[in-house]
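First the structure, in the form of structure tokens, and then the observations on it.
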């Protein structure tokens, strides 16, 4: 039963997990790359790259926090609408 609602829910959760992971890695490697470029320009070895990785990690975790709060708010509003009987299926 590939079309069951449970499969769709699992797929949606997997999509969210992949997006969260991609956001975190993108932040870490973007800031690490910026630090690497600064190191090459200034002539220091891994100093700014390490600082960039730390900043990227902090920024990525903060981004995950924001996205998780948005997802919780969306889930709460969907639950409230389903209790009222105004879900898109019932319209």
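Numbering (our numbering), first residue to last: 9 to 99. We put the beta carbon where it would ideally sit given N, CA and C, even for glycine. All values derive from a computational prediction rather than experimental measurement.
On the CB-based measure, 16 or more other CB atoms within 10 Å of its CB, does residue i come out buried or exposed?
{"i": "residue 82", "result": "exposed"}
{"i": "residue 86", "result": "exposed"}
{"i": "residue 35", "result": "buried"}
{"i": "residue 51", "result": "exposed"}
{"i": "residue 43", "result": "buried"}
{"i": "residue 9", "result": "Residue placement at residue 9 is flagged as unreliable, the pLDDT there being 47, under the threshold of 50; the coordinate-derived value follows with that caveat. Exposed, because fewer than 16 other Cβ atoms sit within 10 Å of the Cβ of residue 9."}
From the options, pick the residue whose C-alpha is nearest to that of residue i; which is it?
{"i": "residue 30", "options": "44, 79 and 69", "result": "69"}
{"i": "residue 41", "options": "89, 90, 84 and 58", "result": "58"}
Cβ atoms of residue j and residue i: under 8 Å apart, would you say?
{"i": "residue 56", "j": "residue 46", "result": "yes"}
{"i": "residue 24", "j": "residue 79", "result": "yes"}
{"i": "residue 39", "j": "residue 63", "result": "yes"}
{"i": "residue 32", "j": "residue 72", "result": "yes"}
For the ligand FMN, any of its heavy atoms closer than 7 Å to the Cβ of residue i?
{"i": "residue 87", "result": "This structure lacks the ligand FMN, and indeed carries no ligand of any kind."}
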